[in-house]
Amino acid sequence: MQEFTFTPQGSDLPLLGPLNLALPGDSGFFVVYGGNGSGKSTLAQLLAGWYPEQLAGTIGGSATLLQETLEGKRLTEQATRIQLVQQSPLLQLSGCTFSVEEEIAFGPENLALPEDQIGQRIDQALRYTHSEYLRQRHPATLSGGEAQRVVLACALAMQPRLLLLDEAFSRLTPKATEQLLTQLRQYATDYHCQILLFERALLPAAKYCTQAMVLSNGKQLAAGQINEVLKTAISQVNAPDAWQVIHQLAAFQRWPDDIPLNDQMLINAFKEQYANP
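One point on numbering: in full-length UniProt numbering, the residue at position 96 of the sequence shown is 96, and numbering is uninterrupted.
In structure tokens form, the structure reads like this:
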């Protein structure tokens with residue numbers, strides 16, 4: 001993206017932009033940080049191919065994704081290349097299946113894949129999401145966290161080249177979220193898939209992503225390597241108290257430039273800075 005903007009139909013002012021963004025490699029993790037109303041969900045929908053069918057308006061600047069412009073294909077044509085998982089899982093289930101296995105098969109079946117390939121995709125998706133135990137459950141009986149796992153499995157079964165996760169772990173515990181992110185990191189390597197996280201919580205995304213962007217009211221506040229962006233991100237998203245303390249220390253030049261990416265790095269950094277010799 002270069003100087004990219006999006007202006008909704010009926011508005012004179014851009015809702016997003018200008019944005020400048022370049023995704024890392026073909027199997028990297030990237031996180032877009034922002035609070036409520038920052039525009040991160042709109043950006044996720046634009047990248048998923050919702051413009052112009054579902055998001056009417058005008059775009060400015062330039063933007064290419066997987067070697068095509070954002071308006072290059074219809075939404076249905078993007079399904080094998082791009083998958084978007086959003087915050088509310090129950091709104092993303094088909095409502096016409098009687099088991100999780102059937103739900104995951106729904107997408108690949110619509111691609112008219114051979115039955116054995118569909119079975120393989122189901123098995124792989126269940127394994128990557130640690131959802132094997134849910135295979136025969138009716139989707140209507142799933143908890144919020146279980147439904148998020150299943151919706152993610154449905155997306156993986158399509159074997160996309162770009163996976164967009166818009167607060168897709170909001171109903172999972174921190175431990176379960178880290179387990180899934182670890183699995184997704186392996187999936188990205190196995191299938192050469194780029195993964196974009198859209199988060200309003202600092203952790204644990206910072207541990208897994210190499211690059212980041214921070215949005216506020218549709219504007220880009222910062223973008224670059226994760227360690228260069230975290231100071232800005234802390235002021236815009238939900239961050240644990242310890243990271244808020246670091247933010248204040250840094251403001252008074254009592255903390256080095258590097259911001260810890262996880263709990264262990266935080267403990268080690270505090271020991272190095274403040275523990276008695």
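We put the beta carbon where it would ideally sit given N, CA and C, even for glycine.
Alpha-carbon to alpha-carbon, residue j and residue i
i	j	result
R135	E102	9 Å
T210	Q87	23 Å
A140	T97	10 Å
A22	M1	6 Å
G37	G144	23 Å
E115	M158	14 Å
V85	D166	6 Å
A242	I259	11 Å
Q45	P256	37 Å
L203	Q9	35 Å
A48	Q78	8 Å
Proximity below 8 Å, CB of residue i to CB of residue j
i	j	result
T182	F169	no
W50	L90	no
E3	G57	no
G34	R200	yes
K231	H247	yes
R254	P160	no
L19	Q225	no
Y208	Y128	no
Q194	V151	no
L162	A206	no
L126	A153	yes
L184	Q148	no
Contacting residues, own chain, Cβ-Cβ under 8 Å from residue i (five flanking each side not counted)
i	result
R137	S99, V100, E146
Q117	P108
P14	T5, F6, T7, G60, G218
E53	R74, L75
S235	H247
E228	A222
L55	F6, P8, T42, Q45, L46
Alpha helix (DSSP H) segment containing residue i, residue limits
i	result
V151	144–157
F270	263–274
G119	115–128
residue 278	The structure shown does not extend to residue 278, since the chain spans only 1 to 277, so no value can be given for it.
V32	V32 -> not in any alpha helix (DSSP H); beta strand (DSSP E) instead, spanning 29–33.
L43	40–47
E71	Per DSSP, E71 belongs to no alpha helix (DSSP H) and is neither H nor E.
I104	100–109
Short CB-CB distance (under 8 Å) between residue i and chain C
i	result
T97	Here chain C cannot be found, since the structure has a single protein chain.
Start and end residues, beta strand (DSSP E) containing residue i
i	result
D166	162–166
A223	219–225
L90	Unbroken run through L90: none, as it is neither H nor E.
E3	2–8
Contacting residues, own chain, Cβ-Cβ under 6 Å from residue i (five flanking each side not counted)
i	result
L196	F30, L164
G39	L16, L215, G218
D263	none
R121	P108, A157
Cβ neighbours of residue i in the same chain (closer than 7 Å, five flanking residues each side left out)
i	result
S94	E103, F106
residue 279	Nothing can be reported for residue 279: it is not among the residues displayed for the chain, which extend from 1 to 277.
Quick one: which unbroken beta strand (DSSP E) runs of 3-plus residues sit fully inside the stretch 171–257? Chain order, please. List check, beta strand (DSSP E) in window: 194–199, 211–216, 219–225.
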